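Below: the structure, in structure tokens.
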Amino acid sequence: MTNNHNLPKLQVCDISKSFRHRREELVVLKDINLDLEANEFVCIVGPSGCGKSTLLNIIAGLIPPSKGHVKVDGEVVLGPGRDRGMVFQNYTLFPWLTIADNIGFGLSLQRLPKGESQERIAYYLDVIGLSRFANAYPKQLSGGMKQRVAIARALANEPEVLLMDEPFGALDAQTKEELQEFFLGLWQKTHITVLMITHDVEEAVFLSEGIYVMGAHPGCIRDKIMIDLPAVRTLDTKLTLEFVELKRQVIQALRI
Numbered sequence: 019m020t021n022n023h024n025l026p027k028l029q030v031c032d033i034s035k036s037f038r039h040r041r042e043e044l045v046v047l048k049d050i051n052l053d054l055e056a057n058e059f060v061c062i063v064g065p066s067g068c069g070k071s072t073l074l075n076i077i078a079g080l081i082p083p084s085k086g087h088v089k090v091d092g093e094v095v096l097g098p099g100r101d102r103g104m105v106f107q108n109y110t111l112f113p114w115l116t117i118a119d120n121i122g123f124g125l126s127l128q129r130l131p132k133g134e135s136q137e138r139i140a141y142y143l144d145v146i147g148l149s150r151f152a153n154a155y156p157k158q159l160s161g162g163m164k165q166r167v168a169i170a171r172a173l174a175n176e177p178e179v180l181l182m183d184e185p186f187g188a189l190d191a192q193t194k195e196e197l198q199e200f201f202l203g204l205w206q207k208t209h210i211t212v213l214m215i216t217h218d219v220e221e222a223v224f225l226s227e228g229i230y231v232m233g234a235h236p237g238c239i240r241d242k243i244m245i246d247l248p249a250v251r252t253l254d255t256k257l258t259l260e261f262v263e264l265k266r267q268v269i270q271a272l273r274i
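Start counting the sequence shown at 19; every next residue gets the next number (our numbering).
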């Protein structure tokens with residue numbers, strides 16, 4: 019897909035979503051608008067039940083909106099597509115496939131030449147530091163390693179936008195911080211456009227360049243807070259006054 023440089027990479031335009039529940043219409047999302055520029059890393063935070071995952075599934079093309087549309091590079095999203103990669107909280111690896119075959123699963127659907135597929139699989143195994151586990155199976159990996167594989171599988175398809183649904187939410191605190199640092203470094207190398215939803219304000223401030231704050235009942239965008247921190251961040255960044263102040267701003271926006 020050719021990017022129109024005059025347009026945002028991702029546009030969410032007036033998205034609303036309703037469901038029928040006991041003969042009543044339940045409005046989950048109302049008039050959602052957001053843009054992501056190419057190479058931008060943006061997080062969405064909001065209370066439980068505000069529709070964050072529903073919004074991400076609409077952007078992924080997994081469910082249709084009731085109103086509005088999503089565009090990637092100016093083209094309307096009509097369903098799932100290779101231009102959007104998805105990383106879920108629960109890894110969603112295939113237990114009967116090796117790590118290498120999990121990473122290459124999407125490539126097999128594209129019918130790429132075998133040599134090109136193997137080269138790409140080897141590259142991403144190296145990127146995530148799991149080359150020696152190429153022939154292992156998911157049950158042999160830790161949670162953090164499984165999530166690295168899930169990220170590599172999504173990136174191997176070379177999507178225009180990477181969508182992440184609470185990707186580190188199931189991990190213990192230490193592994194979560196390790197994966198945050200790992201993924202931030204990976205994004206700084208690839209500069210893929212990333213939209214991630216999380217309930218963890220500290221995580222959102224640490225990883226992103228901007229944060230959309232959602233409200234609930236129905237889900238809506240309350241605010242966007244720009245994260246003016248150095249591009250190179252370490253865990254010590256979380257101890258700085260600038261980081262603490264940005265975290266306070268996001269928490270305050272959530273309480274309004």
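Yeah, the Cβ is synthetic: ideal placement off N, Cα and C, and Gly gets one too.
As the structure is a computational prediction, the values presented were derived from the model and not from experiment.
- Please list, in chain order, all residues of the same chain as Pro26 whose beta carbon is under 7 Å from its beta carbon, the five residues on each side excluded. Asp53, Leu54, Glu55
- Query: So what's Ser66 in DSSP terms, helix, strand or just coil?
  - Reply: coil
- Message: Quick check on DSSP: helix, strand or coil for Asn51?
- Response: strand
- Proximal residues to Ile239 (C-beta, below 7 Å), its chain only, five neighbours per side dropped: Ile50, Asn51, Leu52, Tyr230, Met232
- How big is the Cα-Cα spacing for Ala33 and Asn108? The sequence shown places Ile at residue 33, not Ala. If I take the Cα positions, the gap works out to 26 Å.
- Task: Tell me, to the nearest whole angstrom, how far the beta carbon of Lys164 is from that of Leu111; I am working on the premise that it is less than 8 Å.
- Result: 6 Å
- Please work out which residues of its chain come closer than 8 Å, Cβ to Cβ, to Arg166, disregarding the five sequence neighbours upstream and downstream, and give them in chain order. Ile146, Gly147, Leu148, Leu197, Phe200
- Grab me the residues of Asp218's own chain with a C-beta within less than 6 Å of its C-beta, minus the 5 sequence neighbours each way, in chain order. none
- Query: Identify the residues that DSSP records as bridge partners of Leu28: which are they?
  - Reply: Leu54, Val90
- Query: Looking at the structure shown, is Thr20 part of a helix, part of a strand, or coil, going by DSSP?
  - Reply: Interpretation of Thr20 is limited by its pLDDT of 49, a score under 50 that renders its predicted location unreliable; no figure is taken from the coordinates.
- Task: Would you kindly check if the distance between the Cβ of Ala170 and the Cβ of Leu143 is under 9 Å?
- Result: yes
- Message: Check this for me: beta carbons of Val94 and Arg102, under 9 Å apart or not?
- Response: no
- Task: List the DSSP bridge partners of Lys276.
- Result: Examination of residue 276 is not possible in this model, given that the chain is present from 19 through 274 alone.
- Item | Assigned secondary structure, Leu272 (DSSP; H/G/I helix, E/B strand, else coil) | helix
- Contact under 9 Å by Cβ, His209 with Gly67: no
- Message: I need the straight-line Cα distance from Met19 to Arg100, nearest angstrom please.
- Response: Caution applies to Met19, whose pLDDT of 47 falls short of 50 and renders its modelled position unreliable; the value that the coordinates give is listed next. Spanning the two alpha carbons is a distance of roughly 10 Å.
- With 16 other Cβ atoms within 10 Å as the buried cut-off, status of Glu137: exposed
- With 16 other Cβ atoms within 10 Å as the buried cut-off, status of Val105: buried
- What are the start and end residues of the beta strand (DSSP E) that includes Tyr141? First-last for Tyr141: 132 to 145, but that is the alpha helix (DSSP H), not the beta strand (DSSP E).
- Message: Measuring alpha carbon to alpha carbon, tell me which residue in Lys265, Thr72, Glu176 is nearest Gly228.
- Response: Lys265
- Query: For the 8 Å Cβ check, are there 3 or more pairs between the segment 173 to 185 and the segment 124 to 138?
  - Reply: yes
- Message: For Val262 and Thr252, I'd like the C-alpha separation in whole angstroms.
- Response: 14 Å
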